[in-house]
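Student: Mind having a look at this structure? Questions to follow.
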Amino acid sequence: MTQPAITTHALTRRFGDFIATNAITFEVAQGEIFGFLGANGAGKTTAMRMLCGLLKPSSGEARVAGFDIYTQTEKIKQRIGYMSQKFSLYEDLTVKENIRFYGGIYGLSHRQIREKTGALLGKLDMEKEANMLVSALPLGWKQKLSFSIAVIHDPSIVFLDEPTGGVDPITRRQFWDLIYESADKGVTIFVTTHYMDEAEYCNRISIMVDGKIRALDTPSALKQQFGAATMNDVFLQLARAKS
Amino acid sequence: MQPIVVQHISKSYGKVSALRDVSFTVGPGELFGLIGPDGAGKSTLFRILATLVLADKGQAFVNGKDVVKDYRAIRREVGYMPGRFSLYQDLTVEENLRFFATIFNTTVNANYDMIRDIYEQIAPFKDRPAGKLSGGMKQKLALSCALVHRPSVLFLDEPTTGVDPVSRKEFWEMLQRLRQRGIPILVSTPYMDEATLCDRVALIQNGALMRIDTPTAIVEQFSTKVWAFRASDTWRLIRDLRAYPGVESCFAFGEFLHVVMNADPEKVKQDLITEGHTGVAYQPANAGIEDVFMALMRAQTEIS
Chain F
0 MTQPAITTHA
10 LTRRFGDFIA
20 TNAITFEVAQ
30 GEIFGFLGAN
40 GAGKTTAMRM
50 LCGLLKPSSG
60 EARVAGFDIY
70 TQTEKIKQRI
80 GYMSQKFSLY
90 EDLTVKENIR
100 FYGGIYGLSH
110 RQIREKTGAL
120 LGKLDMEKEA
130 NMLVSALPLG
140 WKQKLSFSIA
150 VIHDPSIVFL
160 DEPTGGVDPI
170 TRRQFWDLIY
180 ESADKGVTIF
190 VTTHYMDEAE
200 YCNRISIMVD
210 GKIRALDTPS
220 ALKQQFGAAT
230 MNDVFLQLAR
240 AKS
Chain H
0 MQPIVVQHIS
10 KSYGKVSALR
20 DVSFTVGPGE
30 LFGLIGPDGA
40 GKSTLFRILA
50 TLVLADKGQA
60 FVNGKDVVKD
70 YRAIRREVGY
80 MPGRFSLYQD
90 LTVEENLRFF
100 ATIFNTTVNA
110 NYDMIRDIYE
120 QIAPFKDRPA
130 GKLSGGMKQK
140 LALSCALVHR
150 PSVLFLDEPT
160 TGVDPVSRKE
170 FWEMLQRLRQ
180 RGIPILVSTP
190 YMDEATLCDR
200 VALIQNGALM
210 RIDTPTAIVE
220 QFSTKVWAFR
230 ASDTWRLIRD
240 LRAYPGVESC
250 FAFGEFLHVV
260 MNADPEKVKQ
270 DLITEGHTGV
280 AYQPANAGIE
290 DVFMALMRAQ
300 TEIS
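Residue numbers (numbering that gives the first Met the number 0), protein chains in the order written: chain F, 0 to 242; chain H, 0 to 303.
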């Protein structure tokens, strides 16, 4: 059996008296699409920053792509991709320049960058836009481009932080096509979203409430467990029950 | 008098058309939704109505006043919550509220009945800097600040973007209560499911209104037959259905795929099973606003 892409055990982060992430324990298998859900302020971002090697935990254990999140953060960063709605591409660089920039950051050779650029532009049908500034692209295109750039170095895990917020309904689904395609190739997807229909597209999901993981299973098992018709109902039950 | 009237408004930024010949009216006490993705032109329309940007063509009236000539009067009468968090991050909750009351020459106490319902939910945090509030609470404060001068029209530009489903639901419950007070509300959102909470909606994409009606009528008039399919391997099902003869579109909708096609669903099911799919099931889908929006988007792309 292959080792899990992510394992955490009692992973905790405090800020003063406040426990942002409170002893969370879970595993994500390789090639799995894992939805990481929770209300605003539930502790998702803190957990994600620890898993990406950007924030030291207060206590607990975690391994990402086989590497320890205390001592091997640089190795982790080489093996993961990251994209968020807020920060992704440089608006004042062209499409091609962004690809070259991120390829360079991840240590690809000139030749690799050239090959990747051609393949990526072809796949997204963006050859004509190659020399356009990213700021001139519609939001949906930017999101698809930034996903493709987030996986340009063939990471084994990609972290997506609300990748589809505000995107039109067709583009949102095309974006999920890209996610499915990557997962199909064995890339592990760790994704947060506020669209509950997207929770259904995940193999398994966890729901965080006040720093703790309160539910973790496949979407259909969770609906059954909570006697709910939709994931939205499951979410409302859990998040409303908190205080 | 219709509180909001928009007539043939167009606006371009350089070569980009932000709005193309947009017309609609919002009636007294109506909760009117502007539904569309980021970049559709929603914010530009709000800025024109809030008298902050001039249209290239067309006219618009708020409470019967012209947005160009009578901009001073309009600014006193409208409450406007811009799309980006617009409060002073380093002022406390209470200071922000007092600030907005003061610039409109009034006090929080004089209009407290307007905001009581909403403000009471954030009052326990009144000494906290606005920048330190959670997403849902920021939106409640911003709405309080937009209401504190007792406006007669409310403009809310994407008040629920990036807000979790629980806070979104609470926010819409507040809007329903405001509507009961008779205040007309123009609200925009990229979340299609919120359309059903409005009296009427306009679907907007690429700067043009594609449809204006009640959410129920929009869905009822959608005559295309949509089938819901599922199988154990969703991604394989998407690819196989898109390649299936007669399938026009196939998109994921929660646990099912919504499929528009000229084919017998039972035959499709049998063929899928023959191709090795497991757990195949289908049923007629209840098309929603999102199905309609996607169909209209596709039609718009074909025309242009």
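Built from N, CA and C at the ideal position, the CB exists for glycine as well. The model shown is predicted, which means the values in this text are computed figures rather than measured ones.
Hey, is the region 84-92 of chain H in contact with the region 60-67 of chain H, meaning 3+ C-beta pairs nearer than 8 Å?
Tutor: Because the criterion of three Cβ pairs below 8 Å is not met, the region 84-92 of chain H and the region 60-67 of chain H do not touch.
Student: Between the region 194-209 of chain F and chain H, which residues of the former have a C-beta closer than 7 Å to a C-beta of the latter?
Tutor: Those residues of the region 194-209 of chain F that come within reach of chain H (Cβ to Cβ, closer than 7 Å) are 195, 196, 199, 200.
Student: State yes or no: is the beta carbon of residue 140 of chain F nearer than 8 Å to at least one beta carbon in chain H?
Tutor: No - not a single Cβ of chain H is within 8 Å of the one on residue 140 of chain F.
Student: Is the shortest distance between the beta-carbon of residue 0 of chain H and the beta-carbons of chain F less than 8 Å?
Tutor: Chain F contact via Cβ: absent.
Student: Given that a residue counts as buried once 16 or more other Cβ atoms are within 10 Å of its Cβ, and exposed if not, what is residue 5 of chain F?
Tutor: It is buried - the Cβ of residue 5 of chain F has at least 16 other Cβ atoms within 10 Å.
Student: Roughly how many angstroms separate the alpha carbons of residue 184 of chain H and residue 154 of chain H, rounded to a whole number?
Tutor: Distance between the alpha carbons of residue 184 of chain H and residue 154 of chain H: 6 Å.
Student: Would you verify that the beta carbon of residue 218 of chain F is, or is not, closer than 8 Å to some beta carbon of chain H?
Tutor: Yes, its Cβ sits closer than 8 Å to a Cβ of chain H.
Student: May I have the straight-line CA-CA distance separating residue 188 of chain H from residue 201 of chain H, to the nearest angstrom?
Tutor: Answer to the nearest angstrom: the Cα atoms are 11 Å apart.
Student: Does DSSP classify residue 242 of chain F as helix, strand or coil?
Tutor: Because the pLDDT at residue 242 of chain F is just 46, under 50, the model does not fix this residue reliably, and the value given afterwards should be weighed accordingly. It is coil, neither helix nor strand.
Student: Quickly, what does DSSP pair residue 60 of chain F with across the bridge? List them, please.
Tutor: BP columns for residue 60 of chain F point to F:8.
Student: How big is the Cα-Cα spacing for residue 301 of chain H and residue 110 of chain H?
Tutor: Whole-angstrom Cα-Cα distance: 51 Å.
Student: According to DSSP, is residue 52 of chain H helix, strand or coil?
Tutor: Here residue 52 of chain H sits in coil by DSSP.
Student: Going straight from the alpha carbon of residue 146 of chain H to that of residue 46 of chain F, what length do you get?
Tutor: Spanning the two alpha carbons is a distance of roughly 37 Å.
Student: Applying the 10 Å Cβ sphere with the 16-neighbour rule, what's the burial state of residue 160 of chain F?
Tutor: Classification of residue 160 of chain F: buried, given that the 10 Å Cβ count is 16 or more.
Student: Listing by chain order, which chain H residues have their CB less than 7 Å from the CB of residue 239 of chain F?
Tutor: Ordered by position in chain H, the residues that pass the 7 Å Cβ test against residue 239 of chain F are 165.
Student: Chain F beta carbons: is any one of them nearer than 8 Å to that of residue 226 of chain H?
Tutor: Chain F contact via Cβ: absent.
Student: Anything in chain F within Cβ reach of residue 133 of chain H, meaning under 7 Å, just list it in chain order.
Tutor: Chain F residues near residue 133 of chain H: 39, 40.
Student: Decide yes or no for the touch test of the region 161-178 of chain H against the region 28-48 of chain F: beta carbon pairs closer than 8 Å, at least 3 of them.
Tutor: With the cut-off at 8 Å, the region 161-178 of chain H and the region 28-48 of chain F touch.
Student: Taking C-beta pairs closer than 7 Å, name the residues in chain F that residue 251 of chain H reaches, listed in chain order.
Tutor: Ordered by position in chain F, the residues that pass the 7 Å Cβ test against residue 251 of chain H are 172, 175, 200.
Student: Judging by CA-CA distance, which residue of H:135, H:122, H:199, H:5 is the nearest neighbour of residue 49 of chain H?
Tutor: Minimum Cα distance to residue 49 of chain H is reached at H:5.
Student: Going by CA-CA distance only, name the one from H:176, H:151, H:2, H:210 that's closest to residue 295 of chain H.
Tutor: Among H:176, H:151, H:2, H:210, the Cα nearest to that of residue 295 of chain H belongs to H:210.
Student: Which whole-angstrom value is the C-beta distance of residue 225 of chain H and residue 286 of chain H, which I expect to be below 8 Å?
Tutor: Correct: roughly 5 Å between the Cβ atoms.
Student: Grouping DSSP H, G and I as helix and E and B as strand, with all else coil, what is residue 60 of chain H?
Tutor: Strand at residue 60 of chain H.
Student: Determine whether the Cβ of residue 289 of chain H lies closer than 8 Å to any Cβ atom of chain F.
Tutor: Yes, because at least one Cβ of chain F sits closer than 8 Å to the Cβ of residue 289 of chain H.
Student: Does residue 34 of chain F come within less than 8 Å of chain H when only Cβ atoms are used?
Tutor: Not one chain H Cβ lies under 8 Å of residue 34 of chain F.
Student: By DSSP's criteria, residue 226 of chain H is part of a beta bridge. Which residues make up the other side?
Tutor: Answer by DSSP bridge pairing, in chain order: H:258, H:283.
Student: Is the region 17-24 of chain F touching the region 208-217 of chain F, taking contact as three or more C-beta pairs under 8 Å?
Tutor: The region 17-24 of chain F is in contact with the region 208-217 of chain F.
Student: Would you kindly report the start and end of the unbroken beta strand (DSSP E) that includes residue 87 of chain H?
Tutor: Neither: residue 87 of chain H is in no beta strand (DSSP E) and is coded neither H nor E.
Student: Rounded C-beta distance between residue 140 of chain H and residue 92 of chain H? I'm assuming under 8 Å.
Tutor: Confirmed, Cβ separation roughly 6 Å.
Student: What three-state label does DSSP hand residue 245 of chain F in the structure shown?
Tutor: In this structure chain F extends from 0 to 242, so residue 245 of chain F is not present and cannot be described.
Student: Closest Cβ-Cβ distance between residue 292 of chain H and chain F: below 8 Å?
Tutor: Answer yes: the Cβ-Cβ gap between residue 292 of chain H and chain F drops below 8 Å somewhere.
Student: Output, in chain order, the set of chain F residues within a Cβ distance shorter than 7 Å of residue 125 of chain H.
Tutor: Here the premise fails: no neighbours, minimum Cβ distance about 18 Å.
Student: Suppose only complete runs of 4+ residues qualify. What are the alpha helix (DSSP H) ranges in the region 89-128 of chain H, listed by chain order?
Tutor: The region 89-128 of chain H contains these whole alpha helix (DSSP H) runs: 92-102, 111-121.
Student: Got a sec, what are the start and stop residues for the alpha helix (DSSP H) residue 206 of chain F sits in?
Tutor: Run containing residue 206 of chain F: none in the alpha helix (DSSP H); it sits in the beta strand (DSSP E), 203-208.
Student: For the alpha helix (DSSP H) containing residue 21 of chain F, list its first residue and its last residue.
Tutor: Careful: residue 21 of chain F lies outside any alpha helix (DSSP H), inside the beta strand (DSSP E) at 17-27.
Student: Secondary structure at residue 121 of chain F, three-state DSSP: helix, strand or coil?
Tutor: In this structure, residue 121 of chain F counts as helix in the three-state DSSP scheme.
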